[in-house]
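Enquirer:
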Amino acid sequence: MLSLEYQTLVKLGIRFKNLDAGRFQRTFTRHSLPSLLRIPKGYVQALRMLNEFKPDIVVGFGGYVSFPVIAVAKLMGVPTVIHEQTLGAGQTNKLLSPFVDKICVSWEQSLNYFPKNKTVLTGNPIRQSIFEEIDLPEGDGKLIFIMGGSSGSHFINVLMEKVLDELLPKYRIIHQTGDTKEYSDYEKLTAQLSLMPEGLISRYMPRKFIDPSSIGFVMEKADLVISRAGINTISELIRFKKPAILIPLPTGQKKEQERNANFLKSLGLGEVLNQKLTTSVELLSTISNMFENLDNYRIIKENILRNDSAKRIVNILINATNKKTKAKS
Numbered sequence: 003m004l005s006l007e008y009q010t011l012v013k014l015g016i017r018f019k020n021l022d023a024g025r026f027q028r029t030f031t032r033h034s035l036p037s038l039l040r041i042p043k044g045y046v047q048a049l050r051m052l053n054e055f056k057p058d059i060v061v062g063f064g065g066y067v068s069f070p071v072i073a074v075a076k077l078m079g080v081p082t083v084i085h086e087q088t089l090g091a092g093q094t095n096k097l098l099s100p101f102v103d104k105i106c107v108s109w110e111q112s113l114n115y116f117p118k119n120k121t122v123l124t125g126n127p128i129r130q131s132i133f134e135e136i137d138l139p140e141g142d143g144k145l146i147f148i149m150g151g152s153s154g155s156h157f158i159n160v161l162m163e164k165v166l167d168e169l170l171p172k173y174r175i176i177h178q179t180g181d182t183k184e185y186s187d188y189e190k191l192t193a194q195l196s197l198m199p200e201g202l203i204s205r206y207m208p209r210k211f212i213d214p215s216s217i218g219f220v221m222e223k224a225d226l227v228i229s230r231a232g233i234n235t236i237s238e239l240i241r242f243k244k245p246a247i248l249i250p251l252p253t254g255q256k257k258e259q260e261r262n263a264n265f266l267k268s269l270g271l272g273e274v275l276n277q278k279l280t281t282s283v284e285l286l287s288t289i290s291n292m293f294e295n296l297d298n299y300r301i302i303k304e305n306i307l308r309n310d311s312a313k314r315i316v317n318i319l320i321n322a323t324n325k326k327t328k329a330k331s
């Protein structure tokens with residue numbers, strides 16, 4: 003199946019190339035050796051792509067896939083910029099930081115991880131055109147928006163299977179399940195919905211994916227969001243000042259999502275549930291308590307997000323390419 007990233011970028015008219023890169027894994031598993039063998043392949047593919055595209059500048063946003071592209075670009079004399087979206091610093095960006103021309107960071111917390119002479123606080127760009135309207139659940143009552151990231155969350159989906167019967171008489175729910183073929187979550191939830199009383203069916207709307215162009219519309223209409231805690235989700239919750247129940251992904255380097263979730267909670271916008279300890283009873287209790295005290299969930303610090311993040315990053319890219327052009331002339 004084509005990735006959501008591929009579908010989104012192609013829809014916008016942006017060329018998409020897949021890079022089959024490998025990486026060093028922290029723990030040895032059956033995937034470790036195949037991943038190691040793909041490392042040189044990633045560099046060869048990166049060289050071919052850059053020779054094909056002949057870019058004026060190369061930008062990396064972290065992740066092991068970006069490493070060979072930035073490294074090869076640097077060897078070819080192409081200007082390079084990296085952008086750190088997290089509240090700390092990803093391993094790839096930390097390794098690349100001494101060699102790239104410029105470093106953009108989204109949050110003040112990241113400034114100490116990178117060389118001061120070439121690091122700029124730009125903020126995290128938020129999609130501006132994310133208000134394409136879609137149908138919402140019918141009826142009255144508060145609206146809950148549930149999402150587990152672009153690929154969905156099996157854990158959150160299973161929780162919802164257990165609590166739907168109790169939630170739907172009180173609330174309307176729109177739920178991005180993801181296309182979890184391994185578990186068939188969307189199909190299970192749809193089947194469960196078909197067995198409910200007719201008056202409740204229209205109050206719940208499960209969708210495999212919600213187009214990125216509509217995420218803002220749904221989030222703006224929602225009274226409460228239940229979600230994972232990826233940094234882009236955190237940024238959008240701050241932008242819309244939307245109360246949220248966050249269930250951070252327990253895996254990942256340095257428990258990144260836990261840090262993100264606790265950051266949002268510190269701003270006064272959310273509650274954090276531990277996946278290893280969370281039950282359907284606790285989720286129901288947290289939802290009920292938050293709706294009873296919804297007015298208390300107000301952001302306590304304004305101007306967390308920069309409205310001109312995209313413009314600042316673009317200006318940095320333009321300046322970097324101009325320097326390269328002047329150096330040639």
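For the sequence shown, the working numbering gives the first residue as 3, with consecutive numbering after it. Quick reminder that beta carbons are idealized off the backbone N, C-alpha and C, glycines included.
Please report the residue range of the alpha helix (DSSP H) in which residue 217 lies.
Expert: Unbroken alpha helix (DSSP H) run through residue 217: 214–223.
Enquirer: When you compare only the Cα positions, how much space is there between residue 127 and residue 274?
Expert: Answer to the nearest angstrom: the Cα atoms are 24 Å apart.
Enquirer: Can you tell me the Cα-Cα spacing of residue 62 and residue 317, whole angstroms?
Expert: Distance between the alpha carbons of residue 62 and residue 317 is about 16 Å.
Enquirer: For residue 15, count neighbouring C-beta atoms within 10 Å of its own C-beta (all shown protein chains included) and say buried if the count is 16 or more, exposed if not.
Expert: Looking at its Cβ environment, which holds fewer than 16 other Cβ atoms inside 10 Å, residue 15 is exposed.
Enquirer: Taking only runs of the alpha helix (DSSP H) that begin and end inside the segment 6–82, which ones reach a length of at least 4 residues, in chain order?
Expert: Those alpha helix (DSSP H) runs which fall completely within the segment 6–82 and span 4+ residues are 6–13, 34–55, 68–77.
Enquirer: May I have a chain-ordered list of the beta strand (DSSP E) segments no shorter than 3 residues that lie completely inside the segment 88–154?
Expert: Taking only runs of at least 3 residues, the beta strand (DSSP E) segments lying wholly in the segment 88–154 are 104–107, 121–123, 145–149.
Enquirer: Does the segment 200–209 come within contact of the segment 112–121, defined as at least 3 CB pairs closer than 8 Å?
Expert: Flag = no, the segment 200–209 and the segment 112–121 do not touch.
Enquirer: Looking only at its own chain, which residues have a Cβ that is under 7 Å from the Cβ of residue 83, when we skip the five neighbours before and after it?
Expert: Result list for residue 83: 59, 61, 102, 103, 104, 106, 318, 319, 322, in chain order.
Enquirer: Taking the runs of the alpha helix (DSSP H) that are 4 residues or longer, which of them lie wholly in the segment 261–317?
Expert: For the segment 261–317, whole alpha helix (DSSP H) runs of length 4 or above, ordered along the chain, are 282–294.
Enquirer: For residue 87, I'd like the list of residues in its chain whose CB is within less than 6 Å of its CB, leaving aside the five on either flank, ordered along the chain.
Expert: Only 108, 126, 233 meet the Cβ criterion.
Enquirer: May I ask which residues mark the beginning and end of the alpha helix (DSSP H) holding residue 196?
Expert: 187–196 is the span of the alpha helix (DSSP H), which, as asked, contains residue 196.
Enquirer: Compute the Euclidean distance between the alpha carbons of residue 313 and residue 124, then round it to the nearest angstrom.
Expert: Spanning the two alpha carbons is a distance of roughly 9 Å.
Enquirer: Restricting to Cα atoms, I'd like to know which of 150, 67, 258 is closest to residue 332.
Expert: This structure cannot settle anything about residue 332, because the visible part of the chain is limited to 3 through 331.
Enquirer: Can you tell me whether residue 294 is buried or exposed, with buried defined as 16 or more other CB within 10 angstroms of its CB?
Expert: Exposed is the call here.
Enquirer: For the beta strand (DSSP E) that contains residue 248, what are its first and last residues?
Expert: Its beta strand (DSSP E) spans residues 246–248.
Enquirer: Using CA coordinates, which residue listed in 213, 281, 216, 195 is at the minimum distance from residue 206?
Expert: Measuring from the Cα of residue 206, the nearest candidate turns out to be 195.
Enquirer: Below 8 Å between beta carbons: does that hold for residue 263 and residue 250?
Expert: Taking 8 Å as the Cβ cut-off, residue 263 and residue 250 qualify as a contacting pair.
Enquirer: In this structure, how does DSSP classify residue 229 when only helix, strand and coil are distinguished?
Expert: Looking at residue 229 - three-state DSSP - the assignment turns out to be strand.
Enquirer: With respect to the beta strand (DSSP E) encompassing residue 208, which residues constitute its N-terminal and C-terminal limits?
Expert: Unbroken beta strand (DSSP E) run through residue 208: 206–209.
Enquirer: With DSSP as the reference, label residue 184 as helix, strand or coil.
Expert: It is coil, neither helix nor strand.
Enquirer: In terms of residues, what are the limits of the alpha helix (DSSP H) holding residue 254?
Expert: No alpha helix (DSSP H) holds residue 254; DSSP gives it neither H nor E.
Enquirer: May I ask you to list the residues that DSSP assigns as paired with residue 85?
Expert: For residue 85, which the question treats as bridged, DSSP gives the partners 106.
Enquirer: What first and last residue would you give for the alpha helix (DSSP H) that runs through residue 164?
Expert: 156–169 is the span of the alpha helix (DSSP H), which, as asked, contains residue 164.
Enquirer: To the nearest angstrom, how far is it from the Cα of residue 115 to the Cα of residue 90?
Expert: Distance between the alpha carbons of residue 115 and residue 90: 7 Å.
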